[in-house]
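To start, the structure itself, in structure tokens.
Numbering (this note's numbering), first residue to last: 31 to 360.
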């Protein structure tokens, strides 16, 4: 089996914090590489996220993060392979490197200037984008903001720009109205929810309804299974890898194995100021036995014990994401 591709991680937040606040260098090698290796994780989407309290001036924070990404790219070029074309995955795997896709978790930093998607994000290698995090911005509405507000006209133009650039459109964090607005204008191209679970199992509004799961599957996209406690189960004692696997079972029964990936959203390395903005579980934000990249392989192990074939496990681990990338990045 090929190593896991984790469709959502806040590594760039940790990189930026440690460079600017602590004067560190070579952060991935020193802080993350061992856990990726232990968890059999061979790559992931590392997102540009405007972490609180820096969301008060998102444009300035984006510039800081982009600058730190460039520095980390230089420091880690012998262990990280930066993917901007589908063929880059094979190159990274052959060289034994971690395959990194640069993503965008919210576009609050651009205001209404969607041209910045081209010259700020796309040029630094971003090949994935979300319109919003949890905020309401000039493009769209995140959860838990105004349930009656969806995409703006500028937001609709941003979706088209993202797709025209060959970037993967991600609907995680959108409120329900914004989600359906994206689906309405997706133009038959794959849409993903990189780190969202099943609302029928756990009623967190960040999770997807059955109708949403069907809609994502119809685009040829996928849902990335999220290990954050509050998205696994309501009861604390059920917030573990076994109950996370139930979400995989549910999606597989509902729409099939081809629309499931991993988007663990591991937050064990985030500082309290950022983590407290979206989680009450400051000491253990992720589920039991699926708490960080070193435990990512545990989900595959549970599914294997439940009788999933090796081909199905490969699809969940990385093949479904690769299929989406290959189609979108033509």
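Positions of the beta carbon are idealized from the N, C-alpha and C atoms, including for glycine.
All of these numbers come straight from a predicted model, not from anything done at the bench.
Exercise for review: Verify whether the separation of the beta carbon atoms of residue 276 and residue 255 is less than 8 Å.
Suggested key: If you check the CB distance, residue 276 and residue 255 do not come in under 8 Å.
Check your understanding: Near residue 31, what residues of its chain come up, given a Cβ to Cβ distance below 7 Å and the 5 sequence neighbours on each side ignored?
Key -> Interpretation of residue 31 is limited by its pLDDT of 45, a score under 50 that renders its predicted location unreliable; the figure taken from the coordinates is listed afterwards. Excluding the 5 residues flanking it on each side, residue 31 has same chain C-beta neighbours closer than 7 Å at 340, 343, 344 and 347, in chain order.
Review point. Taking the alpha-carbon positions, what's the residue 253 to residue 266 distance?
Key: Taking the straight line joining both Cα atoms gives about 23 Å.
Exercise for review: Express the C-alpha separation of residue 152 and residue 195 in angstroms, rounding to a whole number.
Suggested key: Approximately 8 Å, taken between the alpha carbons.
Practice item. Please list, in chain order, all residues of the same chain as residue 233 whose beta carbon is under 8 Å from its beta carbon, the five residues on each side excluded. Key: For residue 233, where only same-chain residues beyond five positions count, the Cβ hits under 8 Å are 264.
Review point. If you run the structure through DSSP and keep just helix, strand and coil, what is residue 31?
Key: Here residue 31 scores only 45 on pLDDT, less than 50, and its place in the model should not be relied on; the value that follows carries that caveat. Looking at residue 31 - three-state DSSP - the assignment turns out to be coil, as it is neither helix nor strand.
Practice item. Determine the direct distance from the alpha carbon of residue 229 to that of residue 351, and round the result to whole angstroms. Key: Our two residues, residue 351 and residue 229, have alpha carbons roughly 22 Å apart in a direct line.
Point to revise | Residue span of the alpha helix (DSSP H) that contains residue 92, given as start and end | key: DSSP places residue 92 inside the alpha helix (DSSP H), whose first and last residues are 88–105.
Point to revise | Contacts around residue 189, its chain only, beta-carbon distance under 8 Å, and the 5 residues preceding and following it disregarded | key: Contacts found: 161, 181, 199, 212, 215 and 216.
Practice item. Pull up the CB-CB distance for residue 138 and residue 75, whole angstroms please, since I reckon it's below 8 Å. Key: Not quite, the Cβ-Cβ distance comes to about 19 Å (not below 8 Å), so this is no contact.
Review point. Smallest Cα separation from residue 271: which of 314, 299, 329 and 249?
Key: The candidate whose alpha carbon is nearest that of residue 271 is 329.
Review point. Quick one: Cα of residue 258 to Cα of residue 67, how far?
Key: Between the C-alpha atoms of residue 258 and residue 67 there is a straight-line separation of about 21 Å.
Check your understanding: Does DSSP put residue 27 in a helix, in a strand, or in coil?
Key -> Here the chain covers residues 31 to 360 and nothing more, so residue 27 does not appear.
**Study point:** Start and end residues, beta strand (DSSP E) containing residue 132
**Key:** That run of the beta strand (DSSP E) goes 128–135.
Review point. Of the residues 132, 316, 358 and 185, which one's Cα is nearest the Cα of residue 218?
Key: Checking every option, the nearest Cα to that of residue 218 belongs to 358.
Review point. Mind checking whether residue 251 and residue 221 have CB atoms under 8 Å apart?
Key: When the beta-carbon positions are compared, residue 251 and residue 221 come within less than 8 Å of each other.
**Study point:** Chain-order list of residues whose beta-carbon lies under 8 Å from that of residue 298 (same chain, five-residue window excluded)
**Key:** Once the five neighbours on either side are set aside, the close Cβ partners of residue 298 are 315, 316, 321 and 322.
Check your understanding: What number of angstroms, rounded off, separates the C-alpha of residue 327 from the C-alpha of residue 69?
Key -> CA-CA distance, residue 327 to residue 69, rounds to 5 Å.
Review point. Helix or strand or just coil, what does DSSP make of residue 260?
Key: If DSSP states are grouped into helix, strand and coil, residue 260 belongs with the helices.
Point to revise | Neighbour-count burial assignment, residue 159, 16 or more Cβ in a 10 Å radius | key: Under this definition residue 159 is a buried residue.
Check your understanding: CB-CB under 6 Å to residue 224, same chain, minus the five flanking residues each way: which ones, in chain order?
Key -> Closer than 6 Å at the Cβ level, and outside the excluded window around residue 224, lie 37, 38, 200, 202, 254 and 293.
Exercise for review: Give me the Cβ distance between residue 207 and residue 171, rounded to the nearest whole Å; I'm assuming they're in contact under 8 Å.
Suggested key: With 8 Å as the limit, residue 207 and residue 171 qualify as a contact, their Cβ atoms being about 7 Å apart.
Check your understanding: Are the beta-carbon atoms belonging to residue 124 and residue 57 less than 8 Å from one another?
Key -> In this structure, residue 57 does not lie closer than 8 Å to residue 124 by Cβ.
Practice item. Kindly indicate which residue of 90, 97, 132 and 96 has the alpha-carbon position closest to the one of residue 110. Key: Among 90, 97, 132 and 96, the Cα nearest to that of residue 110 belongs to 132.
Exercise for review: Check residue 238 in the structure and name its three-state DSSP category.
Suggested key: In the structure shown, the three-state DSSP call for residue 238 is strand.
**Study point:** Limits of the alpha helix (DSSP H) - the one that residue 277 falls within
**Key:** Looking at the DSSP string, the run of the alpha helix (DSSP H) that includes residue 277 is 271–284.
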